[in-house]
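Protein chains in written order, with the working numbering: chain A, 23 to 133; chain B, 525 to 637. Cβ atoms here follow ideal geometry from the backbone N, Cα and C, with glycine treated the same way. Here's the structure, in C-alpha cells; my notes come after.
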Amino acid sequence: QQPVQSPQAVILREGEDAVINCSSSKALYSVHWYRQKHGEAPVFLMILLKGGEQKGHEKISASFNEKKQQSSLYLTASQLSYSGTYFCGTEREGSQGNLIFGKGTKLSVKP
Amino acid sequence: KAGVTQTPRYLIKTRGQQVTLSCSPISGHRSVSWYQQTPGQGLQFLFEYFSETQRNKGNFPGRFSGRQFSNSRSEMNVSTLELGDSALYLCASSQVSSTDTQYFGPGTRLTVL
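Structural data, given as C-alpha cells:
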C-alpha cells in the first residue's frame with residue numbers, strides 16, 4: 023500500500039523551513055527519503071529504521087514515529103539547491119526489500 | 525568510484541516487441557533493484573536481485589522479468605510491450621540490503637509506440 027505524502031507541493035523563499043510528511047497504514051520496518059531533480063535520478067537523503075537507527079546526511083533531519091507509522095523530513099534554512107521532488111519510500115514489516123514510494127512532494131525554493 | 529550505469533539511455537519500441545535493459549551497479553555492490561517511474565503512478569518497485577537470485581518482487585505482470593549475473597550486473601526484460609509500459613526505468617544498487625544506501629542510475633527512457 024502506497025504511503026501518503028503531504029503536502030503535494032510547497033513553495034518557499036530561501037531561508038525558510040519546510041516539513042514533508044509521509045504516512046502509512048501498515049506497520050513499517052523502515053522509511054527512506056530521496057530527492058529527485060527534474061531529469062535526474064533520485065538521490066538518497068536518509069533511512070530511518072524501526073528502533074531508532076538513522077543513516078543519512080548530516081544536514082538533513084527526519085523523524086520516524088513507529089506508533090503512528092509516520093515520518094517527517096525537516097528542511098531548515100532552505101537553499102535554492104533544495105528544489106526538487108521529495109519521495110518517501112517505505113518497507114513494511116515482513117516485506118523488507120520491497121520499497122514502496124509515495125507520489126512525491128514538489129518543493130520549489132525561490133530567491 | 526564509478527556510479528550506477530544504465531544502457532541504453534533512450535529506447536523506442538513498438539507494441540508487441542520485447543526489450544532488454546542493462547544495469548551495471550557500483551563496484552562491490554551486490555544488490556540491484558529495478559523501478560518503473562511514470563507521471564501517473566510515480567516510482568514503483570519491480571524487483572530486487574542479490575547474488576544472482578531474485579530476492580523481492582513487486583506487483584508487476586510476468587511480462588517483466590530480470591536476472592543478475594555473477595559480476596552483479598543486471599538486466600531486465602519486458603516482453604510483449606504495451607503502450608502503458610512507456611516509462612523511465614531506474615535501477616539502484618546497494619551493498620547488501622535494502623537498508624543500505626541505494627544509489628540510482630540515470631535511467632532508461634522507454635517509449636512504446
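*Continuous beta strand (DSSP E) stretch holding Q626/B: start and end*: No beta strand (DSSP E) contains Q626/B, which DSSP labels as neither H nor E.
*Near H60/A, what residues of its chain come up, given a Cβ to Cβ distance below 7 Å and the 5 sequence neighbours on each side ignored?*
Closer than 7 Å at the Cβ level, and outside the excluded window around H60/A, lies no residue.
*Does any C-beta atom of chain B lie closer than 9 Å to the C-beta of S66/A?*
Before going on, a small fix: residue 66/A reads as Phe here, not Ser. Chain B contact via Cβ: present.
_Could you check whether the Cβ of G124/A sits closer than 9 Å to any Cβ belonging to chain B?_
Contact of G124/A with chain B is assigned, a C-beta pair being separated by under 9 Å.
*Does the beta-carbon of F139/A have 16 or more other beta-carbons within 10 angstroms, so that it is buried, or is it exposed?*
Nothing in the structure corresponds to residue 139/A, since chain A is present only between 23 and 133.
*Any beta-carbon of chain B closer than 9 Å to the one on E113/A?*
Taking Cβ atoms only, chain B reaches closer than 9 Å to E113/A, which makes this a yes.
_Endpoints, beta strand (DSSP E) assigned at Y104/A_ = It is not in any beta strand (DSSP E) - Y104/A carries neither H nor E in the DSSP assignment.
_Within the continuous beta strand (DSSP E) that includes T544/B, where are the two ends?_
543–548 is the extent of the beta strand (DSSP E) around T544/B.
*Look at the alpha carbon of Y104/A and the alpha carbon of L637/B, and state the distance between them as a whole number of angstroms.*
Their backbone Cα atoms lie some 36 Å apart in a straight line.
*For G608/B, does the three-state DSSP call read helix, strand or coil?*
Of the three classes helix, strand and coil, the one that applies to G608/B here is helix, per DSSP.
*If we ignore side chains and look at the alpha-carbon of each, how far apart do A63/A and P630/B end up?*
Going by the C-alpha atoms only, they are around 5 Å apart.
*Compute the beta-carbon to beta-carbon distance between I550/B and S617/B, rounded to the nearest angstrom, for a pair I have assumed lies under 8 Å.*
Contact holds; Cβ gap of about 5 Å.
*Taking three-plus beta-carbon pairs below 8 Å as touching, is the segment 117–127 of chain A in contact with the segment 572–583 of chain B?*
Cβ pair count under 8 Å is three or more, so yes.
*Which residues of chain B have a Cβ atom closer than 7 Å to the Cβ of F109/A, listed in chain order?*
Neighbours of F109/A on chain B, chain order: L567.
*Report the neighbours of K72/A on chain E: residues whose CB is nearer than 8 Å to its CB, in chain order.*
The structure shown contains no chain E; its protein chains are A and B.
*Along the segment 36–48 of chain A, what residues have a CB closer than 8 Å to any CB found in chain B?*
Residues passing the 8 Å Cβ filter: none.
*Is the shortest distance between the beta-carbon of P616/B and the beta-carbons of chain A less than 9 Å?*
Here residue 616/B turns out to be Ala, not Pro, going by the sequence shown. Yes, contact with chain A.
*Outcome for R57/A when other beta-carbon atoms lying within 10 angstroms are tallied against a minimum of 16*: With a threshold of 16 other beta carbon atoms within 10 Å, R57/A meets it and is buried.
*Measure how close the beta-carbons of T112/A and S28/A come, nearest whole angstrom, since I'm counting them as under 8 Å.*
No, T112/A and S28/A are not in contact; Cβ-Cβ is about 14 Å, not under 8 Å.
*Could you give the DSSP three-state label for S575/B: helix, strand or coil?*
Three-state DSSP puts S575/B in coil, outside helix and strand.
_List, in chain order, every chain A residue whose beta-carbon is nearer than 7 Å to that of G629/B._
Within chain A, the residues near G629/B are A63.
*Considering G590/B, what are the terminal residues of the beta strand (DSSP E) in which it resides?*
DSSP places G590/B in the uninterrupted beta strand (DSSP E) bounded by 588–592.
*asked:* Once DSSP output is grouped into helix, strand and coil, what is the label at E111/A?
replied: The amino acid occupying residue 111/A in the given sequence is Gly; Glu does not appear at that position. In this structure, G111/A counts as strand in the three-state DSSP scheme.
_Among the candidates Q626/B, V528/B, G590/B, whose CA atom is the shortest distance from the CA of F66/A?_
Taking only the C-alpha atoms, the option nearest F66/A is Q626/B.
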